[in-house]
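Chains as they are written, first to last, in our numbering: chain A, 3 to 443; chain B, 50 to 350.
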């Protein structure tokens, strides 16, 4: 077995066997499940107590209001405000809603009053406001003798459907952008996370060798470059193992989800537009949302995206892991002291992520995004995001070529720093000094 | 010749760590590499072990110019030494042995041989961090010699060892040497040099300041000092004829002129009728030679 493969094997096996790795790998999907359950639970949660509200309808506009979203409306039934107040103090009601007469129909704003010593939760306030707004609208329609059906025809839901000028261009629907954002965002996030996590793992591993004082023993057996590369490859393999395990486990968890959460299929249908009315307009629109998203997903060039993702992942990983290795070699035993050296590496990663989060989301093809998707320190995170929006092929090709070239360059550069730093003890190193090492013979 | 270092120079930034050093290490010898801290010993060793390369000069190991596989013939125990703390003894030794070019089977065989020899076969599955410092040093020693190197380089091998383990390792070094392994022994503890080495080089400020066979260096640096111990006090006249270095009631240390001989002194004493209980030449200790040479060369700078 070659020395490099021996090193990779050791790095891989010692890491994969660690309890923290096994626990992390197994627990992350469980954590994800718990997270989903909690989110699901929170969205379903509404303060269970029913709010009893006496409705004093001074203008006679609302009549009986149906109970809605935890609010029970009780008509005043001829009682005066004073009588209602006394009743509320005795606990019959939680509060009193006084709706003054509208007076002028021109009025666009109208204030209703809520009497209570208890604070009205924003959730309940919204429910009451919505309810009263609807009722007053109905009252106005009724009073003005308008035809509700005619009025309904005034409402049109507008959505832009992008169509290509040229015949060859692929047709896009209004879902394209959303689906692209989701795919691109997920890819950018995975990149960011993996590069940070496994890059730092390489750094710690390099530091560990220095603090254990085994470096010189190793150096008398293997070339420093082999040791560094072995670490980068080993940790990368650990990262891939973890991701694959997560994908498999998350798949299993997702399959289990419907059994754990009681999702009402009818409720899901509600949010979808009625297919019947849309059919006449555009056959593309004549599908349910779910189908359309599926349709968009299938339109993406998956083999290209997956292939490019892997190359960008490897490129980004090699660039950053080798920088982390170089910095790790320069650091002493004190991790805290080395933080200043780590910062120049983490800044570009975070910056790339911010560019995606704040610029890319609004306009994936803006000038800054095109630049960031070419620049090798950013492109591993930015380009996969843009990939979901079918950028010009030459941009993808150029970006790939640049990231591969940069990966080789950074590994080479890190090797030059590493071989000097790794044998240095008991010295606090500055960035300026490290940059000098690159030119040592 | 197992090792030949020829006119080697190593520069770091502006200062020269090793400045035109040449040494030859005979096959089967124990060679002492001496020098004060920061003299350039470690820089020289790092070049021999191919950790770094010389800026000038050439190093030959076992008749060949140093190359990629040269480290497999060398066993190196650096002063800054350690092991992977989380690894088990067995797998750690297997790993290090394989990195030195042994196959897994060969490595296993050698490791078992040494664990048996040190009566620690039950340590195979113990983690390094669970071992005491002394125990770790034993493992470190095995890791250094497991691939049966032709040249063994030990940098301060006994630091951190208790007397029992020191003797144990010393014995092993001696046995390896008898079996034909050449040894370079880097230290600044001079009593060990006299005890173990047959050749030495003394390096100061990167330069070779003293080089040769231990016995001939001692002879070269002797100052013709003789200590005489007598039963009766020496007569008054004796002192006036000789250069007395030190005198007590029953003993005296005399420096003889270079052209004189100890027999003449003895004859003189016998004629004086003194009863001699002891007569010996005082050879300089390596400590003295070391300090003298270092001070002399410091003046050159």
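Cβ coordinates follow ideal geometry from the N, Cα and C atoms, glycine included.
DSSP places residue 84 of chain B in the coil class of the three-state scheme, outside both helix and strand.
124, 125, 126, 127, 128, 129, 130, 131, 132, 133, 134, 135, 136 and 140: these are the residues of the stretch 124-143 of chain B whose beta carbon lies less than 9 Å from some beta carbon of chain A, given in chain order. DSSP places residue 75 of chain B outside any alpha helix (DSSP H), giving it a letter other than H or E. Non-local beta-carbon contacts of residue 332 of chain A in its own chain, meaning distances under 6 Å to residues more than five positions away in sequence, involve 423, 431 and 436 in chain order.
About 12 Å separates the beta carbons of residue 213 of chain A and residue 135 of chain B, which is beyond the 8 Å limit, so they are not a contact pair. Within the stretch 414-435 of chain A, the residues whose Cβ lies closer than 9 Å to any Cβ of chain B are, in chain order, 421, 425 and 427. It is roughly 38 Å from the alpha-carbon of residue 325 of chain B to the alpha-carbon of residue 216 of chain B. Cβ-Cβ distances below 6 Å link residue 409 of chain A to 317, 320 and 321 in the same chain, with the five nearest sequence neighbours on each side left out; the list follows chain order. Annotation for residue 77 of chain A: the continuous beta strand (DSSP E) segment containing it runs 73-77. Secondary structure note for residue 111 of chain B: it is in no beta strand (DSSP E), with a DSSP letter that is neither H nor E. Apart from sequence neighbours up to five positions away, no residue of its chain approaches residue 346 of chain A with a beta-carbon distance below 6 Å.
Residues of chain A with a Cβ closer than 7 Å to the Cβ of residue 98 of chain B are, in chain order, 222. Looking from the CA of residue 312 of chain A, the closest CA among A:246, A:371, A:23 and A:324 belongs to A:246. Within chain B, the residues whose beta carbon sits less than 8 Å from that of residue 8 of chain A are 144, 147 and 148, listed in sequence order. Per DSSP, the beta-bridge partners of residue 331 of chain B are B:274. If you check the CB distance, residue 328 of chain A and residue 216 of chain A do not come in under 8 Å. With contacts defined as CB atoms closer than 8 Å, residue 74 of chain B and residue 50 of chain B qualify as a contacting pair. With a contact defined as Cβ atoms closer than 8 Å, residue 142 of chain A and residue 107 of chain A qualify at about 6 Å. For residue 198 of chain B, no CB of chain A lies under 8 Å from its own CB, so it is not counted at the interface with that chain. The alpha-carbon separation between residue 392 of chain A and residue 380 of chain A amounts to approximately 18 Å. Minimum Cα-Cα distance from residue 124 of chain B among the listed residues B:110, B:114 and B:133 corresponds to B:110. For the options A:30, A:181 and A:26, the alpha carbon positioned closest to that of residue 253 of chain A is the one of A:30. The three-state reading of DSSP puts residue 117 of chain A in strand, counting E and B together.
When C-beta atoms of the stretch 360-370 of chain A are compared with those of the stretch 193-204 of chain A, fewer than three pairs fall below 8 Å, so the two segments do not count as touching. Using a CB distance cut-off of 8 Å, residue 120 of chain B counts as an interface residue toward chain A. The stretch 49-69 of chain A and the stretch 81-96 of chain A touch, with no fewer than 3 CB-CB distances between them shorter than 8 Å.
Neighbours of residue 197 of chain A in chain B, taken as residues whose beta carbon is under 7 Å from its own, are absent, since the nearest beta carbon is some 25 Å off.
Beta bridge pairing from DSSP links residue 53 of chain B with B:73 and B:109. The shortest C-alpha to C-alpha distance from residue 300 of chain A to any of A:68, A:390 and A:197 is the one to A:390.
The Cβ of residue 127 of chain A sits no closer than 8 Å to any Cβ of chain B.
At least one CB of chain B lies nearer than 8 Å to the CB of residue 218 of chain A. Sequence-distant partners of residue 133 of chain A (beyond 5 residues in either direction) whose C-beta falls short of 7 Å from its own C-beta, in its chain, are 67 and 70.
Following the DSSP letters along the chain, one finds residue 230 of chain B in no beta strand (DSSP E), marked with neither H nor E. Secondary-structure assignment with DSSP links residue 202 of chain B through a beta bridge to B:125 and B:233. Proximity of residue 206 of chain A to chain B, defined by a Cβ-Cβ separation below 8 Å, is not satisfied. Looking at A:258, A:208, A:219 and A:28, the one whose alpha-carbon comes closest to that of residue 234 of chain A is A:208.
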